[in-house]
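These notes are about the structure you will find just below.
Protein chains: 2
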Amino acid sequence: MELDFLKRLIVPAESKIVLLIMDGLGGLPREAGGKTELETAHKPHLDALAARSALGLTVPVGPGITPGSGPGHLAIFGYDPIENEIGRGAMEALGVDFELGPDDVAARGNFCSLDAQGRITDRRAGRIPSEISQALAQSLRSIQVEGAQFFIEPVKEHRFAFIMRGAGLSDALSETDPQKVGTPPLPVVALQPAAERSASIANQFIAQARQVLAGEHPANSILLRGFSKLPELPGYQELYGLRAAAIATNGMYRGVARMAGMQVLPVQGTSIADEFTTLEQHWNDYDFFYLHVKQTDTAGELGDFDLKVRVIEEVDGLLPRLLALDPDVLVVSGDHSSPAVLKAHSWHPVPTLLYARHVRSEGVAEYGERACARGSLGVLPAKDILPMALAHAQRLAKYGA
Amino acid sequence: MELDFLKRLIVPAESKIVLLIMDGLGGLPREAGGKTELETAHKPHLDALAARSALGLTVPVGPGITPGSGPGHLAIFGYDPIENEIGRGAMEALGVDFELGPDDVAARGNFCSLDAQGRITDRRAGRIPSEISQALAQSLRSIQVEGAQFFIEPVKEHRFAFIMRGAGLSDALSETDPQKVGTPPLPVVALQPAAERSASIANQFIAQARQVLAGEHPANSILLRGFSKLPELPGYQELYGLRAAAIATNGMYRGVARMAGMQVLPVQGTSIADEFTTLEQHWNDYDFFYLHVKQTDTAGELGDFDLKVRVIEEVDGLLPRLLALDPDVLVVSGDHSSPAVLKAHSWHPVPTLLYARHVRSEGVAEYGERACARGSLGVLPAKDILPMALAHAQRLAKYGA
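Residue numbers (my numbering), protein chains in the order written: chain F, 235 to 635; chain R, 235 to 635.
Structure representation (structure tokens):
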């Protein structure tokens, strides 16, 4: 279903929609036949809500596809995550809260070590401390090349986001990292004729960077990967007439939410409870809230089954505060699975709950992978959740007579 | 799956398929946690049939989309309801059993009231009685404009279907109803250059109508909305080699069935039993029967939960007559949901039952929303039902070697 089709059916309403995303929510049992993290958690509020909700399993990108955070979020926000690919450079820039614009081409930068012959001896410059990296980034900001403006935003240790801004810049550019030591960095090559000028600008920047960093061993040069522009998405206001707000403590999620035209709200503090406080404070100002819980994914990637269980229980303990706001539609889901036993994102579908006054509820007081697999929403693309949320919020008119 | 793909697999067979559509069948519980209309109904025959059938929930148009009758029926007939949009004017003409052809552009007409300055004072001309409307329609039939022939078909009170017929006419035309009083009607404007002549013809008709109706206050002019041609669909005979018949007491459904190339059978009487009698009378003459029950939707739109339950029970009581005919394939479904608690069409998926000799049956003697949610057909697009019916009727050859 095309977004334009949805857009023409939109009608105004006073209803409020909340999308509560526990990152990497889906899991696996610790041992075969056991319970997943979500099934293990003691979560009386989520289970009670499940009885009044429709359940299903969402597939973020496609069957068998393990999503990164970008595509996982685009899908749960209702966009096609394959048509709208977010490149690695753009994700790196979003991750440090850099507000990428339509004239920006971003790349993932590494400080690296070169020998006297210009051959790479360390692709990560000995993982220099972040403080050194920040000083080096500052010195790179002095570089000037005709046709573009540059931004260098430190990420962590040897990593930084590189952004070049200028009218008509292209991201059809090859990477400079040869992915091995003993050879010089590769030049940036235009992958399309229209990218020739952009390639030249990037190469001039790199040449100057090498001069600026000449005395800074081990970080005496840079590597750039994943040149990318942001896909241009129509936002929630334009598409759905929704005043949408995002609550997230990590830059990458704020960035993807900004792509969807959401207003990113400031959070005082870094706890999940702080995010719920932000939700309460801004409740009257928006129609749609995306609230992101990062800690489930972190626990999953650490392989800490018990920690992931505890994070889910913490969210469950906060749920009454959300329910007290009386949202018209509440979706609880994840952007992908991150089973602790895999210590990584995975391809498994994501347990999803849709609550609304006129939802056709299951009557089963259990929110878990297996309960969702038997749910009335079935196994469905994650991007189908948003249209259903809009419908249950009475924001979609009838199609046809 | 494209219809052309299906068409090339078609093989002849002697089997008979029945599509029993209870309009707006899907429902919601009266109160949270309760039973829906279908779940409440005492329906021993449908429940017994469910045990020998496959069950599922069909999505007529897309997730969250509330279908009108046109798109809901196109989907259950196996056509894509978004690609094949039926405009409001065309639906109005179908509703009065007007046989729209490929050269016809239809619109929804209203008689309206204008003041001496030509400003609208009542968009519905005081809802004049149908008898007056019929006489006025008769007088409009005298109007002649070069390049088109006109048909004026009264619907009810101030409403009529307006059809202009002529080679090369376009429906890319704007509406004349400003949707408010105190301003004059809008002229018809061509939305594409190729529609200029059609706009001119429509405007000449309206100008003459104003003269003809000048002395007929309150109905002294007309408004036209929703100009549309019928989408041209390949029919069941052409696609599937099916001699298909439609049994429906309401013009709109007869019209959509005619679009699919079905022969519309005359029904003696207006009861559901009368429709079953028609089915019996013509059993030997066709391969495919669509039997439409309007009363479930009417009850749903009235908000009469109990009436909807009783209509379902009435259909259940008639089911043995249908089963006595021994259809090879029987699909029981709806074109959309019309929960009594919403008093309107809704986006909720539709409980669907597929019976055939070689269906993989559930063994669960219950036909209801929740039973269908757990059914082996899953949650599926409504347009996928027809190919499955054809397969179970032994009318589809193997694909590939």
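For each residue, glycine too, the CB sits at the ideal point set by N, CA and C.
- Close to residue 621(F), with beta-carbon spacing below 9 angstroms, are these residues of chain R in chain order: 296, 297, 298, 299 and 581.
- Residue contact with chain F for residue 283(R): absent (no Cβ-Cβ distance below 8 angstroms to any residue of chain F).
- For residue 540(F), the number of other beta carbons within 10 angstroms of its own is below 16, and it is reported as exposed.
- Under the DSSP assignment, residue 615(F) falls in the beta strand (DSSP E) whose first and last residues are 612-615.
- In this structure, residue 289(F) places its C-beta atom within 8 angstroms of the C-beta atom of residue 605(F).
- At a cut-off of 8 angstroms between C-beta atoms, residue 303(R) counts as an interface residue with respect to chain F.
- Identification of residues in the stretch 582-611 of chain F having a C-beta nearer than 9 angstroms to some C-beta of chain R yields 591, 592, 593, 594, 595, 596, 597, 608, 609, 610 and 611, given in sequence order.
- The alpha-carbon of residue 493(F) is positioned some 28 angstroms away from that of residue 555(F).
- Put simply, the CB of residue 273(R) is far from chain F, with every gap to its CB atoms at 8 angstroms or more.
- By the criterion of a C-beta distance shorter than 7 angstroms, residue 528(R) is surrounded in its chain by 257, 483 and 484, once the five residues flanking it on both sides are discounted.
- Neighbours of residue 267(R) in chain F, taken as residues whose beta carbon is under 8 angstroms from its own, are 285, 286, 595 and 597 in chain order.
- Residue environment analysis places residue 304(R) among the buried positions, since at least 16 neighbouring C-beta atoms fall within 10 angstroms of its C-beta.
- The contact set of residue 409(R) on chain F, defined by CB atoms closer than 9 angstroms, is empty, because the minimum CB distance reaches about 14 angstroms.
- Contact of residue 235(R) with chain F is not assigned, every C-beta pair being separated by 8 angstroms or more.
- Residue 446(F) and residue 373(F) do touch by the CB rule: their CB atoms are close to 5 angstroms apart, below 8 angstroms.
- At a cut-off of 8 angstroms, the C-beta of residue 320(R) has a neighbouring C-beta in chain F.
- Taking CB atoms only, residue 481(R) has no neighbour in chain F less than 8 angstroms away.
- Taken in chain order, the whole alpha helix (DSSP H) runs of length 4 or more contained in the stretch 531-560 of chain R are 539-558.
- Bounds of the beta strand (DSSP E) holding residue 253(F) are 251-256.
- In this structure, the alpha-carbon of residue 302(F) lies about 31 angstroms from that of residue 581(R).
- In this structure, residue 526(F) and residue 255(F) form a Cβ contact; the two beta carbons are roughly 5 angstroms apart against a cut-off of 8 angstroms.
- Within the same chain, 574 come within 8 angstroms of residue 538(R) by CB-CB distance, once the 5 residues on both sides are set aside.
- Of all residues in the stretch 306-339 of chain F, none is placed with a Cβ closer than 9 angstroms to any Cβ belonging to chain R.
- Judged by beta-carbon spacing, residue 427(R) lies beyond the 8 angstroms limit of residue 437(R), meaning their Cβ atoms are not closer than that value.
- For residue 506(F), the secondary structure class from DSSP, reduced to helix, strand or coil, is helix.
- Cα atoms of residue 513(F) and residue 500(F): separation of roughly 10 angstroms, rounded to the nearest angstrom.
- 340(R) is the residue among 369(R), 315(R) and 340(R) whose C-alpha sits nearest the C-alpha of residue 322(R).
- Under the DSSP assignment, residue 526(R) falls outside any alpha helix (DSSP H), being part of the beta strand (DSSP E) whose first and last residues are 522-527.
- Unbroken alpha helix (DSSP H) runs of no fewer than 4 residues, entirely contained in the stretch 456-512 of chain F, are found at 470-474 and 485-493, following chain order.
- Check the Cα spacing between residue 284(R) and each of 625(R), 594(R) and 619(R): the tightest is with 594(R).
- By the CB criterion at 8 angstroms, residue 481(F) and residue 552(F) fall outside the cutoff.
- The Cβ neighbour count for residue 235(R), taken over all protein chains shown within 10 Å, is under 16; the residue is labelled exposed.
- Against chain F, a Cβ distance below 9 angstroms from residue 613(R) picks out 290, 610, 611, 612, 613 and 614.
- In the same chain as residue 425(F), and ignoring 5 residues on each side of it, the C-beta atoms closer than 7 angstroms to its own belong to 406, 407 and 408, in chain order.
- Runs of the beta strand (DSSP E) lying entirely within the stretch 323-354 of chain R, each at least 3 residues long, are 338-348 in chain order.
- With a threshold of 8 angstroms between beta carbons, residue 632(F) makes contact with chain R.
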